[in-house]
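Protein chains: 2
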Amino acid sequence: MSDIAPPVAALIEEFSKLPGVGVKTAQRLAFFVLRSPSDQARRLADAIVRVKESIIFCSRCFNITETDPCPICSNPARDQEAICVVEEPLDVLALEKTGVYKGLYHVLHGALSPMNGVGHKDIRIDELLRRLETGEFREVILATNPGFEGDYTADSIKKDIKGKLTLPDLRLTSLARGLPIGGDLEYADEGTLSRAIEGRRDL
Amino acid sequence: MSDIAPPVAALIEEFSKLPGVGVKTAQRLAFFVLRSPSDQARRLADAIVRVKESIIFCSRCFNITETDPCPICSNPARDQEAICVVEEPLDVLALEKTGVYKGLYHVLHGALSPMNGVGHKDIRIDELLRRLETGEFREVILATNPGFEGDYTADSIKKDIKGKLTLPDLRLTSLARGLPIGGDLEYADEGTLSRAIEGRRDL
Chain Y
1 MSDIAPPVAA LIEEFSKLPG VGVKTAQRLA FFVLRSPSDQ ARRLADAIVR VKESIIFCSR
61 CFNITETDPC PICSNPARDQ EAICVVEEPL DVLALEKTGV YKGLYHVLHG ALSPMNGVGH
121 KDIRIDELLR RLETGEFREV ILATNPGFEG DYTADSIKKD IKGKLTLPDL RLTSLARGLP
181 IGGDLEYADE GTLSRAIEGR RDL
Chain A
204 MSDIAPPVAA LIEEFSKLPG VGVKTAQRLA FFVLRSPSDQ ARRLADAIVR VKESIIFCSR
264 CFNITETDPC PICSNPARDQ EAICVVEEPL DVLALEKTGV YKGLYHVLHG ALSPMNGVGH
324 KDIRIDELLR RLETGEFREV ILATNPGFEG DYTADSIKKD IKGKLTLPDL RLTSLARGLP
384 IGGDLEYADE GTLSRAIEGR RDL
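One line per chain: the protein sequences are Y and A, in this order. Numbering (our numbering) for the first sequence: 1 to 203. Numbering (our numbering) for the second sequence: 204 to 406.
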């Protein structure tokens with residue numbers, strides 16, 4: 001980058017720190033910013049700063065929020081006895097869009113990953129156990145991502161709940177696995193298809 | 204985005220205005236910023252603002268620069284009689300990296316595209332003709348991108364130079380087309396291979 005103006009080189013470097021953005025993409029983004037109107041570039045810069053200044057994590061569910069507790073945790077209309085455990089705030093968003101679930105959430109902020117050195121202390125498992133111990137929950141939906149790390153995390157949380165807590169009436173569930181709606185049977189991977197057969201239902 | 208905190212929704216919206224960034228990618232980028240240290244997010248925001256504040260276009264070659272004229276135009280060691288016409292500032296960067304070319308540049312900021320409504324007035328062709336008319340150039344290298352729009356732009360510029368200017372001694376050239384170094388013959392597309400055969404050289 002020796003021949004490029006330092007402010008441009010700096011912007012390319014900062015862009016390339018974003019996930020999935022290599023040097024070529026960072027260059028393209030930087031030149032797009034260069035050519036875009038000043039107020040558009042300013043809006044992007046402001047949005048970045050404002051998000052860091054105004055967004056906090058809810059002290060109960062650890063979802064992102066501007067107020068603590070978050071709008072979901074402080075909404076008395078939500079089912080206070082159900083808790084859905086997810087890996088990321090985006091998962092909350094996806095579930096909320098369905099409009100089907102009316103309970104509370106718990107955001108782990110990651111999944112256990114022995115391969116990548118992500119252990120119990122790195123995600124919000126202890127906070128979940130404390131919530132379950134002190135609250136009066138009827139059901140815990142373990143909605144981690146379908147896949148090795150998500151399944152391992154759900155299994156680990158299940159063992160913790162069964163082993164460390166005394167909650168005999170607590171129902172532990174996970175989301176159904178099977179064919180995605182609109183998916184084609186012939187294109188489904190073996191794992192999905194196996195689960196779809198195992199979980200087949202009477203008509 | 205109704206259930207997401209407004210500052211996060213705003214950041215996702217701004218990110219999704221970047222080229223090649225859809226909503227899903229914008230979400231990923233926004234949550235990455237949310238989790239990254241404050242000073243890293245601040246550096247990205249500052250770099251965006253600084254680039255808009257400090258970067259201008261050189262009044263001679265229209266390359267991006269902090270000073271006018273740019274370091275290349277104001278460097279007396281550069282060959283003042285050669286001018287290389289490129290589409291984008293990144294093309295200047297790519298050519299400079301080779302260290303082979305020692306002349307001046309002219310950045311068009313785009314290519315003619317009748318399909319997309321990009322005409323003569325939208326890119327810096329008139330400015331190029333004025334430079335050629337008033338300067339004393341020996342050679343113009345038309346280094347637009349190999350492809351329909353780039354070739355069309357180069358052809359159009361060639362006609363303008365031949366038709367509107369009286370510069371009988373000016374040499375017009377274009378970059379060689381052929382097999383890329385390190386490329387495999389069997390994977391070369393037909394167009395590239397045709398050019399490689401047509402442009403074959405004696406050993």
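C-beta atoms are modelled at their ideal positions from N, C-alpha and C, and glycine is treated no differently.
Cβ pair residue i, residue j closer than 8 Å
| i | j | result |
| --- | --- | --- |
| Leu142(Y) | Leu172(Y) | yes |
| Val211(A) | Ile157(Y) | no |
| Thr369(A) | Ala314(A) | no |
| Leu307(A) | Val289(A) | no |
| Pro349(A) | Arg380(A) | yes |
| Thr290(Y) | Ala208(A) | Any property of residue 290(Y) remains undetermined from this structure, which presents chain Y solely from 1 to 203. |
| Leu128(Y) | Lys164(Y) | no |
| Val252(A) | Ala47(Y) | no |
| Gln80(Y) | Lys220(A) | no |
| Cys84(Y) | Cys70(Y) | no |
| Ala82(Y) | Glu133(Y) | no |
| Ala233(A) | Val33(Y) | no |
| Arg28(Y) | Pro222(A) | yes |
| Glu352(A) | Ser377(A) | no |
| Leu93(Y) | Tyr101(Y) | no |
| Cys62(Y) | His106(Y) | Here residue 62(Y) is Phe; the residue named in the question, Cys, does not match the sequence. Result yes, Cβ atoms of Phe62(Y) and His106(Y) sit closer than 8 Å. |
| Arg43(Y) | Glu217(A) | yes |
| Ile181(Y) | Leu170(Y) | no |
Below-8 Å beta-carbon distance, residue i vs any chain A residue
| i | result |
| --- | --- |
| Leu29(Y) | yes |
| Ser113(Y) | no |
| Ala10(Y) | yes |
| Lys17(Y) | yes |
| Leu34(Y) | yes |
| Arg43(Y) | yes |
| Glu149(Y) | no |
| Glu14(Y) | yes |
Residue interval of the alpha helix (DSSP H) (run including residue i)
| i | result |
| --- | --- |
| Glu87(Y) | It is not in any alpha helix (DSSP H) - Glu87(Y) carries neither H nor E in the DSSP assignment. |
| Val343(A) | From DSSP, Val343(A) is part of no alpha helix (DSSP H) but of the beta strand (DSSP E) over 342-345. |
| Glu401(A) | 393-401 |
| Pro7(Y) | 6-15 |
| Ile125(Y) | 125-134 |
| Leu247(A) | 241-257 |
| Lys257(Y) | Only positions 1 to 203 of chain Y appear in the structure, and residue 257(Y) is not among them; the question remains open. |
Any C-beta of chain Y under 8 Å from that of residue i
| i | result |
| --- | --- |
| Ile207(A) | yes |
| Ser277(A) | no |
| Gln243(A) | yes |
| Arg403(A) | no |
| Pro292(A) | yes |
| Pro210(A) | yes |
Residue range of the unbroken beta strand (DSSP E) whose run includes residue i
| i | result |
| --- | --- |
| Glu66(Y) | Element bounds for Glu66(Y): n/a, residue is neither H nor E. |
| Leu104(Y) | 103-107 |
What residues in the region 46-67 of chain Y have a beta carbon less than 7 Å from any beta carbon of chain A?
Ala47, Ile48, Val49, Arg50, Val51, Lys52, Ser54, Ile55, Ile64, Thr65, Glu66
Enumerate, from N- to C-terminal direction, the unbroken beta strand (DSSP E) stretches of 3 or more residues contained entirely within the region 150-185 of chain Y.
171-174
Beta carbons nearer than 9 Å to chain A: which residues of the region 165-190 of chain Y have them?
none
Name, going along the chain, the residues of the region 79-104 of chain Y whose beta-carbon falls closer than 9 Å to a beta-carbon of chain A.
Glu88, Pro89, Leu90, Val92, Leu93, Glu96, Lys97
Contact set between the region 136-147 of chain Y and chain A, restricted to residues whose Cβ is under 8 Å from the partner:
none
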